[in-house]
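Encoded as structure tokens, the structure appears first; notes follow it.
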Amino acid sequence: MADNLEIRRATTSVSVDIYDQTYHLRAHDPEYIEKLASTVDSKMRAVSANGNTADSLRVAVLAALNIADELLRLQEHCRMLRGSMSETQTLRTRANSLSGLLDSVLHEEHRYHAEVHAEPSLANQLR
């Protein structure tokens, strides 16, 4: 019973208009629900403007299909981005590893050249 009372306190009543119908909803974030309702209303009006139907149920189903299409395309795009980010991370890791190897080789070669130049040549020693 206390949990039910807490849920009631956490939600707020909000009224939204979608395609000339008013819906009374309870929400934790009324502004977000209003934004969602506005999006659905816009989609329904766009479907209605492009179609020859006045049947609101048909308009709602077609709008839902458009929204579902957008959702699936965005999900696929996110999957591709995650894959791309994973590839980028792999390349970055490999580049860092190669950079470390290159630094160690260059450091050893620099040390070798420094030792060779530090020792007097045989010709200089004879003079």
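Going by the working numbering, the first residue of the sequence shown is number 301, and it counts up by one from there.
Using N, Cα and C, we set each Cβ at its ideal position, and we do this for glycine too.
- Between G351 and V359, the C-beta spacing is below 9 Å.
- In the structure shown, Y323 falls within a strand segment according to DSSP collapsed to helix, strand and coil.
- When the five nearest sequence neighbours on each side are left out, the beta carbons in the same chain lying within less than 7 Å of the beta carbon of H324 are those of S313, S315, in order along the chain.
- The Cβ-Cβ distance between I367 and K335 does not fall below 9 Å.
- In the structure shown, D369 falls within a helical segment according to DSSP collapsed to helix, strand and coil.
- Cα atoms of Q389 and R326: separation of roughly 43 Å, rounded to the nearest angstrom.
- Judged by DSSP secondary structure, D341 falls within the alpha helix (DSSP H) whose first and last residues are 330 to 350.
- Where T312 is concerned, the enclosing beta strand (DSSP E) starts and stops at 312 to 318.
- In this structure, DSSP gives A364 a helical state, which the three-state scheme calls helix.
- With respect to L357, V347 sits apart: the two C-beta atoms are not nearer than 9 Å.
- The three-state secondary structure of D355, taken from DSSP, is coil.
- Within the same chain, and ignoring the five residues on either side of T322 in sequence, the residues whose Cβ sits closer than 8 Å to its Cβ are S315, V316.
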